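K.L.:
Under the numbering used here, read the sequence shown as residues 1004 to 1165, first letter to last. Built from N, CA and C at the ideal position, the CB exists for glycine as well. Fair warning: this is a prediction, and the values are worked out from it, not measured in the lab. Would you mind keeping the following structure in view while I ask a few things?
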Amino acid sequence: MMETCALSRIPAKVKSSITFSENGLIAELQDLARSGMPYKVRLRFSGGVEAVCELEDDPELEKLLQESPFTAEANRWGDEIYFDLPIKLKLKGERTLMEVGEVAYWPEGNSLCLFFGPTPASRGDKPVAYSKVKPLGRVVEGLEDLRKVKDGEEIRVEITRG
């Protein structure tokens, strides 16, 4: 007997076409479910601050996952923290006006950026990137604590699936 599988973690575009028998394909379904989950990025700063970000599921980020864990140096630009990535990603910038809590890739600097308030380019309360960035996700834990991070602190970056 064939049943339609409706696991909540399987991407909608794939979910409707999955079937399995009573004998099951559980391991394959679990792998498939994981493939649609966002990336989690845990940041541990040498000054004691910790933050967690969730990033969209983008094939380019799989390359970054392979480099995890890695260390980087925090750079402050107003209420933005950015840090160099160990590999170059093939993502293009889309916009400069950001929202508080957004995480983006900065192609010009090959860096991941965390926006938590106004930057020197801002004309109000919203963060504005130095140049076009590719939005990738959000800070989901520790957003307010990012204000305590100092320029030059070491960051341990751990990236995992979901």
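Assuming GLY1050 and VAL1152 form a contact by the criterion Cβ under 8 Å, report the distance between their Cβ atoms to the nearest whole angstrom.
P.N.:
As a first step, residue 1050 is located in the sequence shown; it is residue number 47 there, counting from the start. As a first step, residue 1152 is located in the sequence shown; it is residue number 149 there, counting from the start. Right, their Cβ atoms sit about 6 Å apart.
K.L.:
Can you give me the C-alpha to C-alpha distance between VAL1160 and LEU1046, rounded to a whole angstrom?
P.N.:
Working through the sequence shown from its first residue, we reach residue 1160 at position 157. Working through the sequence shown from its first residue, we reach residue 1046 at position 43. Answer to the nearest angstrom: the Cα atoms are 5 Å apart.
K.L.:
In three-state terms, what does DSSP make of PRO1138?
P.N.:
Position 135 of the sequence shown, counting from 1, holds the residue named residue 1138. PRO1138 falls in the strand class under three-state DSSP.
K.L.:
Is LYS1129 helix, strand or coil when you go by DSSP?
P.N.:
Start at 1 with the first residue of the sequence shown, and residue 1129 comes out as number 126. Of the three classes helix, strand and coil, the one that applies to LYS1129 here is coil, per DSSP.
K.L.:
Can you say whether PRO1072 is buried or exposed, counting buried as having 16 or more other CB atoms within 10 angstroms of its CB?
P.N.:
Translated into the one-based positions of the sequence shown, residue 1072 becomes position 69. Counting Cβ neighbours within 10 Å, PRO1072 comes out exposed, since fewer than 16 surround it.
K.L.:
So what's CYS1100 in DSSP terms, helix, strand or just coil?
P.N.:
For the purposes of this step, residue 1100 is taken as the residue at position 97 of the sequence shown. Looking at the sequence itself, residue 1100 is Leu, so the reference to Cys does not match. The DSSP-derived three-state label of LEU1100 is strand.
K.L.:
GLY1155: buried (16+ other C-beta within 10 angstroms of its C-beta) or exposed?
P.N.:
Residue mapping note: residue 1155 aligns to position 152 of the sequence shown, counting from 1. GLY1155 comes out exposed.
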